[in-house]
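What follows is a short report on a single structure.
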Amino acid sequence: MRTMKHRCHNAPQYLRQPKYPGLTGRTVFWLALCSCLGLLSSPGCRTMDFYDRGLEQRAAQPELEPPRELAKVSLPAYCLEPPDVVQIEVPKMVPLPPYRLEVYDVLQIDVIGTLIDQPISGYYMVEAEGTVNLGPAYGSVRVVGMTVAEARWAIEAHLRQILRAPEVSVQLARASGLQPISGVYLVSPDGTINLRQYGAVYVAGLTIPEAREAIRRHLSQFLDSPEVSLEVLAYNSKVYYVITEGPGEDDSVIRLPCTGNETVLDAIAQVGGISQVSSKRIWIARPSPAGTGCEQILPVDWNAITRGGNTATNYQILPGDRIFIAHDDMIAFSTWIDKMVSPVERLFGFTGLGASTVRSLQTMGRGYNRTRSGF
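Each residue of the sequence shown is one higher than the last, beginning at 38 in this note's numbering.
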């Protein structure tokens, strides 16, 4: 009895007494596994990769060979698109004339012919009283509400009361009512850059010089001769993708910015190399022009690139490229077998657990009856 319990502890009752002699649970499992292997190895079966490779047979013309390591090309002039991030600098912000001075405006005042120990040269703020304080030797002059030219005449007239022949120069250094423009901006989904109180400027599809000129023309409606500098901080609109095929599971897709200098080796390094479930079958799927109806497939010889330093297939990455890393066929097959066998094993396990529980309850009942009969 002890031997029987050890042998059939995890087997259901109906398997220990099969309907057909010699047909046990282990036999059923191996028969199912052999049937699956036979189906996979039959001539009518296809491989687990269902990608139609018919278009890969078309070779490119020699004069149209793609750029690669040691034979790279310069990308076309970069055009701004959402969601690029740019840095805009406007160092000089002078309102269009005639501008009336306001409180807290900053004036640059230079005077020739002042006292030797009391020069007037520098930046002066229009104080809350509307005056400009020229120092203890010269006093204050009211300039609020005046234009820059009127302020120069007022300051010169005031200094003529103290100095013999002063020569005055006045410029507006900063207007308090103007909101600063310099900063970091995001190209919005509608292709514009929002300059806050100065409105929006459409820059999508423009090169850097063209976008700079568009912003300068727009600001000319509010500022006098604005100077604009523009720099791209994040090239977010030009990207490529590294797709790692999963062995019977979801594929992994990583989106990376394209700076124009990456090769296949750089792209694989960006994602941490080839994973354990991947093979060394790699190719680039390059987008084709609209309406061509064909695919551009560039096979990659990974061993030649890494072991031999061969640059023939270490292609330069272009915006929109898809670098596809195929899965390992053995791991994919093992995963498929696990998916097929796992439900059967789980079913056998549940059935065996139920039979074992019933057997344990029966054994406990017999022991209880023997105990009662012994008294």
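Just so you know, even glycine gets a beta-carbon here, dropped at the ideal spot from N, CA and C.
- Contact fails between the region 255-267 and the region 339-352, because fewer than three Cβ pairs, one in each stretch, are under 8 Å apart.
- A Cβ-Cβ distance of about 7 Å is found for the pair serine 213 and valine 140, placing them in contact under the 8 Å criterion.
- Nearest to tyrosine 222 by alpha-carbon distance, out of Gln198, Gly159, Val123, is Val123.
- For asparagine 273, the closest alpha carbon among the candidates Cys116, Asp121, Gly297 is that of Asp121.
- The C-beta distance from leucine 144 to valine 181 rounds to 11 Å, too long to meet the 8 Å contact threshold.
- Beta-bridge analysis with DSSP links phenylalanine 361 to Ile280, Trp320.
- Comparing alpha-carbon positions, the option among Tyr115, Asp261, Trp320 lying closest to leucine 335 turns out to be Trp320.
- Annotation for lysine 129: Glu264 place their beta carbon closer than 6 Å to its own, counting only its chain and skipping 5 residues before and after.
- Proline 203 is positioned such that its CB atom lies no closer than 7 Å to that of glycine 159.
- One alpha carbon belongs to isoleucine 153, the other to serine 177, and they sit about 19 Å apart.
- Contact annotation: aspartate 147 and serine 206 have beta-carbon atoms nearer than 7 Å.
- Within the DSSP secondary-structure output, serine 206 pairs in a beta bridge with Asp147.
- Distances from the alpha-carbon of aspartate 142 to those of Glu102, Ile374, Val163 put Val163 closest.
- Taking one beta carbon from each stretch, the region 288-300 and the region 250-261 have fewer than 3 pairs nearer than 8 Å; the two do not touch.
- In this structure glutamine 208 is exposed. Its beta-carbon is surrounded by fewer than 16 other beta-carbon atoms within 10 angstroms.
- Between the alpha carbons of glutamate 332 and aspartate 358 lies a gap of roughly 12 Å.
- Membership of alanine 191 in the alpha helix (DSSP H) is indicated by the continuous run 185-196.
- The beta carbon of proline 294 is closer than 6 Å to those of Tyr272, Val276 in its chain, skipping five residues each way along the sequence.
- Beta-bridge partners of alanine 237 (DSSP): Asn231.
- A direct Cα-Cα distance of roughly 45 Å separates alanine 188 from glycine 242.
- Taking C-beta separations shorter than 6 Å and ignoring five residues to either side along the sequence, the partners of histidine 195 in its chain run Val178, following chain order.
- By DSSP's assignment, arginine 292 forms a beta bridge with Tyr278.
- Here arginine 254 carries a helix assignment [DSSP, helix/strand/coil].
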